[in-house]
Amino acid sequence: MPQHEDHTRVVFLSLLLAGMAFALSQTVVSPALPEIQREFGATPTSAAWILTGYLLAAAVATPIVGKLGDLFGRGRVLTVVLLLFAVGSAVCALAPSLGLLVVGRIIQGVGGGIFPLAFGIIRETFPAERVATAIGGISATFGIGGGVGLVIAGLIVEALDASWLFWLGLMALPAAFAIHRYVPREETRKDAKIDWIGAGLLSVALASLLYGLSKANGWGWGDSRVLGLIFGGLAVAAFWVWVETKIDQPLVDMRVLKRRPVLMTNIAAVLIGFSMFASFLIIPQLAQTPEQHGYGFGASVTGAGLLMLPSTLVMLVAGPWAGRLAVRSSRFPLVVGAGLGAVAFGFYAIWHSAEWQILVGGAVMGMGIGFAFSAMANLVVESVPREEVGVATGINTIMRSLGGALGAQLVATLLTSKTLPNSPIPAEAAFTDAFAVAAVAAVLAMAAALAIPVIRRPQPQPVAATAAPATT
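When we follow our numbering, the leftmost residue of the sequence shown carries the number 19, and every step to the right adds one.
Printed below as a string of C-alpha coordinates:
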(Lines of atoms letter the chains of each structure in order from A and count residues from 1; the text may use other names and numbers.)
(Lines give C-alpha, C1' and ligand atoms only; values in the text may rest on other atoms or scores of the structure.)
Protein backbone atom coordinates (compact mmCIF):
# COMPACT_ATOMS: atom_id res chain seq x y z
CA MET A 1 0.00 0.00 0.00
CA PRO A 2 1.19 3.59 -0.52
CA GLN A 3 3.70 4.73 2.08
CA HIS A 4 4.57 7.98 3.81
CA GLU A 5 5.56 10.82 1.45
CA ASP A 6 9.06 11.24 2.93
CA HIS A 7 9.72 7.50 2.71
CA THR A 8 8.49 7.46 -0.88
CA ARG A 9 11.00 10.15 -1.80
CA VAL A 10 13.87 8.31 -0.09
CA VAL A 11 12.95 5.03 -1.77
CA PHE A 12 12.72 6.69 -5.18
CA LEU A 13 16.14 8.33 -4.82
CA SER A 14 17.59 5.01 -3.65
CA LEU A 15 16.14 3.20 -6.66
CA LEU A 16 17.59 5.89 -8.93
CA LEU A 17 21.00 5.38 -7.33
CA ALA A 18 20.74 1.60 -7.69
CA GLY A 19 19.74 1.85 -11.34
CA MET A 20 22.55 4.30 -12.05
CA ALA A 21 25.11 1.98 -10.43
CA PHE A 22 24.11 -0.91 -12.68
CA ALA A 23 23.85 1.18 -15.86
CA LEU A 24 27.24 2.81 -15.27
CA SER A 25 28.93 -0.54 -14.79
CA GLN A 26 27.49 -1.76 -18.08
CA THR A 27 29.26 0.81 -20.26
CA VAL A 28 32.05 2.40 -18.22
CA VAL A 29 34.38 -0.52 -18.90
CA SER A 30 34.08 -0.49 -22.71
CA PRO A 31 36.26 2.59 -23.42
CA ALA A 32 38.88 1.34 -20.93
CA LEU A 33 39.08 -2.20 -22.31
CA PRO A 34 42.35 -1.63 -24.23
CA GLU A 35 43.97 -0.21 -21.08
CA ILE A 36 42.80 -3.16 -18.95
CA GLN A 37 44.03 -5.54 -21.64
CA ARG A 38 47.52 -3.97 -21.54
CA GLU A 39 47.59 -3.97 -17.74
CA PHE A 40 47.00 -7.72 -17.50
CA GLY A 41 48.88 -8.64 -20.69
CA ALA A 42 45.71 -10.26 -22.01
CA THR A 43 44.62 -11.04 -25.56
CA PRO A 44 41.61 -9.20 -27.01
CA THR A 45 39.63 -12.46 -26.89
CA SER A 46 40.38 -12.98 -23.19
CA ALA A 47 39.70 -9.34 -22.29
CA ALA A 48 36.35 -9.49 -24.07
CA TRP A 49 35.13 -11.77 -21.25
CA ILE A 50 35.05 -8.69 -19.02
CA LEU A 51 32.04 -7.61 -21.07
CA THR A 52 30.71 -11.01 -22.11
CA GLY A 53 30.73 -12.49 -18.58
CA TYR A 54 28.83 -9.50 -17.24
CA LEU A 55 26.28 -9.60 -20.05
CA LEU A 56 25.64 -13.33 -19.69
CA ALA A 57 25.28 -13.12 -15.90
CA ALA A 58 22.87 -10.19 -16.17
CA ALA A 59 20.79 -11.97 -18.80
CA VAL A 60 20.48 -15.13 -16.73
CA ALA A 61 19.93 -13.39 -13.38
CA THR A 62 17.38 -10.76 -14.43
CA PRO A 63 14.23 -12.89 -14.87
CA ILE A 64 15.15 -15.24 -12.02
CA VAL A 65 15.77 -12.40 -9.57
CA GLY A 66 12.54 -10.75 -10.74
CA LYS A 67 10.63 -13.94 -9.97
CA LEU A 68 12.28 -14.28 -6.55
CA GLY A 69 11.12 -10.74 -5.78
CA ASP A 70 7.56 -11.62 -6.82
CA LEU A 71 7.62 -14.61 -4.45
CA PHE A 72 9.64 -13.48 -1.43
CA GLY A 73 9.39 -9.69 -1.35
CA ARG A 74 11.01 -7.22 -3.73
CA GLY A 75 12.62 -5.01 -1.10
CA ARG A 76 14.24 -7.98 0.62
CA VAL A 77 15.57 -9.47 -2.63
CA LEU A 78 16.74 -6.09 -3.97
CA THR A 79 18.77 -5.48 -0.80
CA VAL A 80 20.59 -8.79 -1.31
CA VAL A 81 21.14 -8.08 -5.02
CA LEU A 82 22.66 -4.66 -4.29
CA LEU A 83 25.00 -6.13 -1.67
CA LEU A 84 26.15 -8.79 -4.15
CA PHE A 85 26.65 -6.10 -6.78
CA ALA A 86 28.84 -4.10 -4.37
CA VAL A 87 30.87 -7.22 -3.52
CA GLY A 88 31.40 -7.90 -7.22
CA SER A 89 32.52 -4.30 -7.73
CA ALA A 90 35.11 -4.59 -4.95
CA VAL A 91 36.38 -7.90 -6.36
CA CYS A 92 36.85 -6.23 -9.76
CA ALA A 93 38.65 -3.21 -8.29
CA LEU A 94 41.07 -5.36 -6.27
CA ALA A 95 41.52 -8.19 -8.78
CA PRO A 96 45.19 -9.12 -9.28
CA SER A 97 44.43 -11.18 -12.40
CA LEU A 98 42.12 -11.11 -15.39
CA GLY A 99 40.41 -14.31 -14.25
CA LEU A 100 39.40 -12.84 -10.90
CA LEU A 101 38.27 -9.64 -12.63
CA VAL A 102 35.93 -11.69 -14.83
CA VAL A 103 34.59 -13.46 -11.71
CA GLY A 104 33.86 -10.05 -10.17
CA ARG A 105 32.06 -8.95 -13.33
CA ILE A 106 29.90 -12.08 -13.24
CA ILE A 107 28.93 -11.30 -9.64
CA GLN A 108 28.15 -7.72 -10.71
CA GLY A 109 25.89 -9.12 -13.42
CA VAL A 110 23.40 -10.25 -10.77
CA GLY A 111 22.55 -6.54 -10.61
CA GLY A 112 20.55 -7.05 -13.79
CA GLY A 113 17.64 -7.78 -11.47
CA ILE A 114 17.67 -4.23 -10.10
CA PHE A 115 15.26 -2.83 -12.68
CA PRO A 116 12.42 -5.41 -12.50
CA LEU A 117 12.58 -5.31 -8.70
CA ALA A 118 12.50 -1.50 -8.71
CA PHE A 119 9.45 -1.44 -10.99
CA GLY A 120 7.65 -3.89 -8.72
CA ILE A 121 8.43 -1.81 -5.62
CA ILE A 122 7.09 1.32 -7.31
CA ARG A 123 3.87 -0.33 -8.43
CA GLU A 124 3.28 -1.86 -5.01
CA THR A 125 4.17 1.03 -2.69
CA PHE A 126 3.86 4.35 -4.55
CA PRO A 127 0.64 6.38 -4.88
CA ALA A 128 -1.15 5.36 -8.09
CA GLU A 129 -0.90 8.82 -9.64
CA ARG A 130 2.91 8.78 -9.31
CA VAL A 131 3.64 5.28 -10.58
CA ALA A 132 4.05 6.12 -14.28
CA THR A 133 6.32 9.13 -13.64
CA ALA A 134 8.45 7.21 -11.13
CA ILE A 135 8.88 4.28 -13.50
CA GLY A 136 9.83 6.76 -16.21
CA GLY A 137 12.54 8.22 -14.01
CA ILE A 138 13.98 4.82 -13.07
CA SER A 139 13.87 3.65 -16.70
CA ALA A 140 15.80 6.71 -17.81
CA THR A 141 18.75 5.77 -15.59
CA PHE A 142 19.49 2.85 -17.92
CA GLY A 143 20.28 5.22 -20.77
CA ILE A 144 21.64 8.04 -18.59
CA GLY A 145 24.05 5.76 -16.76
CA GLY A 146 25.17 4.24 -20.02
CA GLY A 147 25.92 7.66 -21.50
CA VAL A 148 27.63 8.95 -18.35
CA GLY A 149 29.79 5.81 -18.28
CA LEU A 150 31.13 6.56 -21.74
CA VAL A 151 31.84 10.19 -20.76
CA ILE A 152 33.66 9.61 -17.47
CA ALA A 153 35.58 6.44 -18.35
CA GLY A 154 38.34 8.30 -20.15
CA LEU A 155 38.57 10.96 -17.44
CA ILE A 156 38.99 8.37 -14.68
CA VAL A 157 41.52 6.25 -16.57
CA GLU A 158 43.60 9.30 -17.53
CA ALA A 159 43.56 10.80 -14.01
CA LEU A 160 43.79 7.57 -11.95
CA ASP A 161 43.72 4.05 -13.38
CA ALA A 162 41.21 1.53 -14.68
CA SER A 163 40.61 -0.12 -11.28
CA TRP A 164 38.86 3.05 -10.08
CA LEU A 165 36.10 2.45 -12.62
CA PHE A 166 34.88 -0.47 -10.54
CA TRP A 167 34.76 1.41 -7.24
CA LEU A 168 31.81 3.33 -8.73
CA GLY A 169 29.73 0.22 -8.01
CA LEU A 170 29.93 0.88 -4.27
CA MET A 171 27.22 3.51 -4.70
CA ALA A 172 24.93 0.50 -4.42
CA LEU A 173 25.65 0.28 -0.67
CA PRO A 174 23.73 3.39 0.50
CA ALA A 175 20.91 2.37 -1.84
CA ALA A 176 20.80 -1.08 -0.22
CA PHE A 177 20.68 0.43 3.28
CA ALA A 178 17.83 2.83 2.40
CA ILE A 179 15.79 0.14 0.64
CA HIS A 180 16.20 -2.24 3.58
CA ARG A 181 15.17 0.55 5.95
CA TYR A 182 12.25 2.15 4.11
CA VAL A 183 10.64 -0.35 1.72
CA PRO A 184 7.67 -2.00 3.48
CA ARG A 185 8.05 -5.73 4.08
CA GLU A 186 5.96 -7.98 1.83
CA GLU A 187 4.63 -11.31 3.00
CA THR A 188 6.25 -14.38 1.49
CA ARG A 189 3.80 -16.40 -0.58
CA LYS A 190 3.02 -19.58 1.38
CA ASP A 191 2.62 -21.67 -1.77
CA ALA A 192 5.73 -20.24 -3.41
CA LYS A 193 7.71 -22.60 -5.60
CA ILE A 194 10.65 -21.76 -7.82
CA ASP A 195 10.60 -23.30 -11.27
CA TRP A 196 14.24 -24.42 -11.33
CA ILE A 197 13.78 -26.41 -14.53
CA GLY A 198 12.43 -23.34 -16.31
CA ALA A 199 15.17 -21.18 -14.81
CA GLY A 200 17.84 -23.62 -15.99
CA LEU A 201 16.46 -23.88 -19.52
CA LEU A 202 16.10 -20.11 -19.84
CA SER A 203 19.66 -19.64 -18.57
CA VAL A 204 21.05 -22.08 -21.15
CA ALA A 205 19.04 -20.47 -23.96
CA LEU A 206 20.11 -16.92 -23.10
CA ALA A 207 23.75 -17.85 -22.50
CA SER A 208 23.93 -19.67 -25.83
CA LEU A 209 22.26 -16.84 -27.77
CA LEU A 210 24.26 -14.03 -26.21
CA TYR A 211 27.59 -15.85 -26.42
CA GLY A 212 26.93 -16.69 -30.06
CA LEU A 213 26.10 -13.06 -30.83
CA SER A 214 29.16 -11.81 -28.93
CA LYS A 215 31.42 -14.00 -31.09
CA ALA A 216 29.70 -13.38 -34.43
CA ASN A 217 31.96 -10.55 -35.56
CA GLY A 218 35.19 -12.29 -34.50
CA TRP A 219 34.42 -15.79 -35.73
CA GLY A 220 32.18 -14.76 -38.62
CA TRP A 221 28.41 -14.93 -38.95
CA GLY A 222 28.66 -18.08 -41.07
CA ASP A 223 30.97 -19.90 -38.64
CA SER A 224 29.55 -23.26 -37.55
CA ARG A 225 30.20 -22.42 -33.88
CA VAL A 226 28.23 -19.16 -34.11
CA LEU A 227 25.37 -20.81 -35.97
CA GLY A 228 25.36 -23.71 -33.52
CA LEU A 229 25.20 -21.40 -30.51
CA ILE A 230 22.47 -19.17 -31.97
CA PHE A 231 20.23 -21.92 -33.35
CA GLY A 232 20.92 -24.13 -30.34
CA GLY A 233 19.86 -21.27 -28.08
CA LEU A 234 16.68 -20.76 -30.10
CA ALA A 235 15.88 -24.49 -29.90
CA VAL A 236 16.34 -24.51 -26.12
CA ALA A 237 14.20 -21.36 -25.89
CA ALA A 238 11.41 -23.08 -27.83
CA PHE A 239 11.61 -26.10 -25.52
CA TRP A 240 11.55 -23.76 -22.51
CA VAL A 241 8.33 -22.16 -23.78
CA TRP A 242 6.74 -25.61 -24.14
CA VAL A 243 7.83 -26.63 -20.62
CA GLU A 244 6.47 -23.40 -19.11
CA THR A 245 3.01 -24.14 -20.52
CA LYS A 246 2.92 -27.56 -18.84
CA ILE A 247 3.68 -26.80 -15.18
CA ASP A 248 1.56 -25.29 -12.40
CA GLN A 249 3.89 -22.52 -11.23
CA PRO A 250 6.10 -21.60 -14.19
CA LEU A 251 8.96 -19.13 -14.04
CA VAL A 252 7.08 -17.11 -16.67
CA ASP A 253 3.35 -17.35 -17.37
CA MET A 254 3.27 -17.61 -21.16
CA ARG A 255 -0.31 -16.36 -21.22
CA VAL A 256 1.00 -13.06 -19.89
CA LEU A 257 3.77 -12.79 -22.48
CA LYS A 258 1.32 -13.53 -25.31
CA ARG A 259 -0.83 -10.54 -24.42
CA ARG A 260 -0.59 -8.09 -27.28
CA PRO A 261 0.68 -5.09 -25.28
CA VAL A 262 3.42 -7.20 -23.67
CA LEU A 263 4.38 -9.00 -26.89
CA MET A 264 4.61 -5.82 -28.96
CA THR A 265 6.50 -4.03 -26.18
CA ASN A 266 9.06 -6.84 -26.04
CA ILE A 267 9.51 -6.68 -29.82
CA ALA A 268 10.02 -2.92 -29.53
CA ALA A 269 12.54 -3.53 -26.71
CA VAL A 270 14.71 -5.69 -28.99
CA LEU A 271 14.70 -2.99 -31.67
CA ILE A 272 15.26 -0.04 -29.31
CA GLY A 273 18.09 -1.94 -27.61
CA PHE A 274 19.58 -2.60 -31.06
CA SER A 275 19.59 1.11 -31.91
CA MET A 276 20.92 2.32 -28.56
CA PHE A 277 23.86 -0.07 -28.34
CA ALA A 278 24.61 0.54 -32.01
CA SER A 279 25.00 4.24 -31.21
CA PHE A 280 27.36 3.43 -28.31
CA LEU A 281 29.65 1.77 -30.86
CA ILE A 282 29.25 3.96 -33.95
CA ILE A 283 29.61 7.45 -32.48
CA PRO A 284 32.80 6.89 -30.42
CA GLN A 285 34.36 5.10 -33.40
CA LEU A 286 33.45 7.97 -35.73
CA ALA A 287 34.66 10.59 -33.25
CA GLN A 288 38.06 8.91 -32.86
CA THR A 289 38.65 8.54 -36.61
CA PRO A 290 41.55 10.83 -37.68
CA GLU A 291 40.38 14.13 -39.19
CA GLN A 292 42.48 13.85 -42.34
CA HIS A 293 40.05 11.33 -43.77
CA GLY A 294 37.38 14.02 -44.02
CA TYR A 295 34.74 12.52 -41.73
CA GLY A 296 36.30 11.94 -38.30
CA PHE A 297 37.24 14.33 -35.50
CA GLY A 298 40.44 12.76 -34.13
CA ALA A 299 38.96 12.83 -30.63
CA SER A 300 40.41 11.11 -27.56
CA VAL A 301 38.38 8.56 -25.57
CA THR A 302 37.27 11.41 -23.29
CA GLY A 303 36.45 13.70 -26.21
CA ALA A 304 34.40 10.98 -27.88
CA GLY A 305 32.45 10.51 -24.65
CA LEU A 306 31.79 14.24 -24.36
CA LEU A 307 30.18 14.23 -27.81
CA MET A 308 27.53 11.93 -26.31
CA LEU A 309 26.88 14.21 -23.34
CA PRO A 310 23.84 16.02 -24.87
CA SER A 311 22.13 12.68 -25.37
CA THR A 312 22.70 11.80 -21.71
CA LEU A 313 21.49 15.18 -20.41
CA VAL A 314 18.31 15.08 -22.48
CA MET A 315 17.47 11.64 -21.08
CA LEU A 316 17.34 13.20 -17.60
CA VAL A 317 14.27 15.13 -18.71
CA ALA A 318 12.79 12.66 -21.17
CA GLY A 319 12.16 9.73 -18.80
CA PRO A 320 9.98 11.51 -16.20
CA TRP A 321 8.29 13.58 -18.92
CA ALA A 322 7.36 10.41 -20.79
CA GLY A 323 5.98 9.00 -17.55
CA ARG A 324 3.63 11.97 -17.23
CA LEU A 325 2.51 11.59 -20.85
CA ALA A 326 1.86 7.89 -20.24
CA VAL A 327 -0.86 8.81 -17.75
CA ARG A 328 -3.15 9.44 -20.74
CA SER A 329 -1.91 6.82 -23.24
CA SER A 330 0.95 4.44 -22.46
CA ARG A 331 1.87 3.66 -26.04
CA PHE A 332 2.16 7.33 -27.09
CA PRO A 333 5.64 7.95 -25.56
CA LEU A 334 6.93 4.74 -27.16
CA VAL A 335 5.67 5.76 -30.61
CA VAL A 336 7.21 9.22 -30.20
CA GLY A 337 10.46 7.83 -28.77
CA ALA A 338 10.97 5.33 -31.57
CA GLY A 339 10.09 8.01 -34.12
CA LEU A 340 12.64 10.42 -32.67
CA GLY A 341 15.24 7.64 -32.76
CA ALA A 342 14.52 7.05 -36.44
CA VAL A 343 14.86 10.79 -37.14
CA ALA A 344 18.18 10.97 -35.24
CA PHE A 345 19.78 8.02 -37.02
CA GLY A 346 18.43 9.13 -40.38
CA PHE A 347 19.96 12.55 -39.71
CA TYR A 348 23.29 10.89 -38.84
CA ALA A 349 23.24 8.79 -42.01
CA ILE A 350 23.19 12.00 -44.07
CA TRP A 351 25.01 14.53 -41.86
CA HIS A 352 27.94 13.45 -39.69
CA SER A 353 30.89 15.56 -40.86
CA ALA A 354 30.76 18.25 -38.13
CA GLU A 355 30.72 18.00 -34.36
CA TRP A 356 27.59 20.16 -34.06
CA GLN A 357 25.73 17.59 -36.18
CA ILE A 358 26.70 14.82 -33.74
CA LEU A 359 25.57 16.98 -30.81
CA VAL A 360 22.20 17.86 -32.38
CA GLY A 361 21.52 14.29 -33.46
CA GLY A 362 22.52 13.08 -30.00
CA ALA A 363 20.03 15.39 -28.29
CA VAL A 364 17.20 14.06 -30.49
CA MET A 365 18.35 10.47 -29.95
CA GLY A 366 18.53 11.00 -26.17
CA MET A 367 14.96 12.26 -26.11
CA GLY A 368 13.84 9.25 -28.13
CA ILE A 369 15.62 6.67 -25.97
CA GLY A 370 14.42 8.32 -22.76
CA PHE A 371 10.82 8.28 -23.98
CA ALA A 372 11.04 4.68 -25.21
CA PHE A 373 12.61 3.19 -22.07
CA SER A 374 10.06 4.88 -19.84
CA ALA A 375 7.14 3.81 -22.01
CA MET A 376 8.20 0.17 -22.29
CA ALA A 377 8.47 -0.29 -18.53
CA ASN A 378 5.09 1.37 -17.93
CA LEU A 379 3.39 -0.70 -20.64
CA VAL A 380 4.59 -3.98 -19.15
CA VAL A 381 3.82 -2.99 -15.54
CA GLU A 382 0.24 -1.98 -16.33
CA SER A 383 -0.41 -5.05 -18.53
CA VAL A 384 0.44 -7.84 -16.07
CA PRO A 385 -0.87 -8.94 -12.65
CA ARG A 386 1.10 -7.65 -9.66
CA GLU A 387 2.53 -11.12 -8.96
CA GLU A 388 4.06 -11.20 -12.46
CA VAL A 389 5.57 -7.68 -12.53
CA GLY A 390 9.10 -8.73 -11.60
CA VAL A 391 9.53 -11.53 -14.09
CA ALA A 392 7.63 -9.74 -16.89
CA THR A 393 9.74 -6.58 -16.65
CA GLY A 394 12.79 -8.84 -16.33
CA ILE A 395 11.96 -10.46 -19.66
CA ASN A 396 11.53 -7.00 -21.20
CA THR A 397 14.98 -6.04 -19.92
CA ILE A 398 16.40 -9.23 -21.45
CA MET A 399 14.82 -8.43 -24.80
CA ARG A 400 16.55 -5.06 -24.69
CA SER A 401 19.88 -6.74 -23.91
CA LEU A 402 19.44 -9.26 -26.72
CA GLY A 403 18.72 -6.41 -29.11
CA GLY A 404 21.76 -4.56 -27.81
CA ALA A 405 24.03 -7.57 -28.32
CA LEU A 406 22.69 -8.05 -31.85
CA GLY A 407 23.06 -4.34 -32.64
CA ALA A 408 26.63 -4.14 -31.36
CA GLN A 409 27.77 -7.20 -33.31
CA LEU A 410 25.97 -6.31 -36.54
CA VAL A 411 27.31 -2.75 -36.45
CA ALA A 412 30.82 -4.04 -35.73
CA THR A 413 30.49 -6.26 -38.80
CA LEU A 414 29.31 -3.32 -40.94
CA LEU A 415 32.18 -1.10 -39.76
CA THR A 416 34.77 -3.74 -40.63
CA SER A 417 33.18 -4.63 -43.97
CA LYS A 418 34.25 -1.38 -45.65
CA THR A 419 37.63 0.02 -44.64
CA LEU A 420 40.13 2.48 -46.06
CA PRO A 421 42.82 0.98 -48.34
CA ASN A 422 45.52 -0.84 -46.33
CA SER A 423 43.93 0.34 -43.06
CA PRO A 424 41.55 -1.03 -40.41
CA ILE A 425 39.78 2.37 -40.21
CA PRO A 426 36.13 2.13 -41.37
CA ALA A 427 35.33 3.99 -44.58
CA GLU A 428 32.69 6.73 -44.45
CA ALA A 429 30.26 4.46 -46.33
CA ALA A 430 30.51 1.96 -43.45
CA PHE A 431 29.37 4.60 -40.96
CA THR A 432 26.53 5.64 -43.27
CA ASP A 433 25.37 2.02 -43.59
CA ALA A 434 25.52 1.51 -39.81
CA PHE A 435 23.47 4.64 -39.10
CA ALA A 436 20.93 3.61 -41.75
CA VAL A 437 20.50 0.14 -40.23
CA ALA A 438 19.95 1.69 -36.78
CA ALA A 439 17.34 4.02 -38.32
CA VAL A 440 15.50 1.05 -39.85
CA ALA A 441 15.46 -0.70 -36.45
CA ALA A 442 13.92 2.42 -34.88
CA VAL A 443 11.25 2.58 -37.62
CA LEU A 444 10.36 -1.07 -36.96
CA ALA A 445 10.16 -0.30 -33.23
CA MET A 446 7.69 2.49 -34.02
CA ALA A 447 5.61 0.03 -36.07
CA ALA A 448 5.55 -2.39 -33.11
CA ALA A 449 4.48 0.47 -30.82
CA LEU A 450 1.63 1.41 -33.16
CA ALA A 451 0.41 -2.20 -32.97
CA ILE A 452 -0.11 -1.88 -29.21
CA PRO A 453 -3.80 -1.31 -28.35
CA VAL A 454 -4.56 2.20 -27.16
CA ILE A 455 -5.36 2.26 -23.45
CA ARG A 456 -6.68 5.61 -22.31
CA ARG A 457 -6.90 6.04 -18.58
CA PRO A 458 -9.92 7.91 -17.28
CA GLN A 459 -9.02 11.34 -15.96
CA PRO A 460 -10.29 12.34 -12.52
CA GLN A 461 -13.34 14.59 -12.71
CA PRO A 462 -13.85 17.51 -10.35
CA VAL A 463 -16.54 16.83 -7.82
CA ALA A 464 -19.23 19.49 -7.70
CA ALA A 465 -19.70 21.03 -4.29
CA THR A 466 -23.10 20.44 -2.79
CA ALA A 467 -24.63 22.22 0.16
CA ALA A 468 -25.13 20.10 3.21
CA PRO A 469 -28.69 20.05 4.51
CA ALA A 470 -29.23 22.35 7.42
CA THR A 471 -29.59 20.71 10.77
CA THR A 472 -31.24 22.03 13.84
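Glycine included, C-beta positions come from ideal geometry on N, C-alpha and C.
Since we're looking at a predicted model, the values are computed, not measured.
Who pairs with P444 in a beta bridge, going by DSSP?
P444 is bridged by DSSP to T437.
Exposed or buried, what is T263 when buried is set at 16 or more other beta-carbons lying within 10 Å of its beta-carbon?
The residue in question, T263, is exposed, as its Cβ has fewer than 16 Cβ neighbours within 10 Å.
Test item: CB-CB of V402 and V274 under 9 Å:
Yes. Within cutoff.
Mapping the DSSP letters down to three states, classify I470 as helix, strand or coil.
Correct three-state label for I470: coil.
Where E205 falls: helix, strand or coil (DSSP)
Assigned with DSSP and collapsed to three states, E205 falls in coil, not helix or strand.
For A194, which residues of its own chain have a beta-carbon under 6 Å away from its beta-carbon, when the five flanking residues on both sides are left out?
Close CB contacts of A194 within its chain, under the 6 Å cut and outside five residues either way in sequence, are with T97, L100, L101 (chain order).
Using the Cα positions of G422 and E204, report the straight-line distance between them to the nearest angstrom.
Take the alpha-carbon of G422 and the one of E204: they are about 34 Å apart.
When the Cα atoms are used, what is the spatial distance from G412 to F133?
So the alpha carbons of these two residues sit roughly 7 Å apart.
Let me know the secondary structure DSSP gives A1 once reduced to three states.
An answer regarding residue 1 cannot be provided, because it is not within the stretch 19 to 490 covered by the chain.
Quick one: using the 10 Å Cβ neighbour count with 16 as the cut-off for buried, is Q44 buried or exposed?
Flag for Q44 reads buried.
Contact between the segment 230–244 and the segment 145–160 is defined here as three or more beta-carbon pairs at a separation below 8 Å; is this criterion met?
Using a C-beta cut-off of 8 Å, the segment 230–244 makes no contact with the segment 145–160, since fewer than three inter-stretch Cβ pairs fall below that distance.
Taking the Cβ atom as the reference point for each residue, do A75 and I124 lie within a distance shorter than 9 Å?
Remark: C-beta atoms of A75 and I124 approach each other more closely than 9 Å.
Taking A253 as the reference, give the member of L219, T143, G240, L428 with the closest Cα.
Ranking L219, T143, G240, L428 by Cα distance to A253 puts L219 first.
DSSP state of I212 mapped onto helix, strand, coil:
The answer is coil: DSSP assigns I212 none of H, G, I, E or B.
Endpoints, alpha helix (DSSP H) assigned at E262:
It spans 242–262 - the alpha helix (DSSP H) in which E262 sits, taken as one unbroken run.
Return yes when the Cβ of T450 is within less than 9 Å of the Cβ of I443, no when it is not.
Cβ distance not < 9 Å, so I443 and T450 don't count as in contact.
Beta-carbon within less than 7 Å of A454's beta-carbon, same chain only, minus the 5 sequence neighbours each way: which residues are those?
Contacts found: A367.
Three-state class that DSSP yields for L299 in the structure shown:
Of the three classes helix, strand and coil, the one that applies to L299 here is helix, per DSSP.
Is DSSP giving Y229 helix, strand or coil here?
Helix, per DSSP.
Measuring straight from C-alpha to C-alpha, what distance separates E405 and L433?
Each residue's CA atom was taken as its position, placing E405 and L433 some 44 Å apart.
Please decide whether I285 counts as near chain D, where near means a Cβ-Cβ distance under 9 Å.
The chain labelled as chain D is not found in the depicted structure, where only one protein chain is given.
Rounded to whole angstroms, what's the CA-CA distance from A393 to A381? Just pull it up for me.
Rounded to the nearest angstrom, the two C-alpha atoms are 18 Å apart.
Return the Cβ separation of I153 and D213 in integer angstroms, given the expectation that the two are a contact with Cβ distance under 8 Å.
Not confirmed; about 26 Å, so no contact.
Quick check: the segment 157–164 against the segment 324–338, are at least 3 beta-carbon pairs closer than 8 Å?
Verdict: yes, contact present.
Who are the Cβ neighbours of M38 in its own chain at under 6 Å, not counting the five residues just before and after it?
T159, G163.
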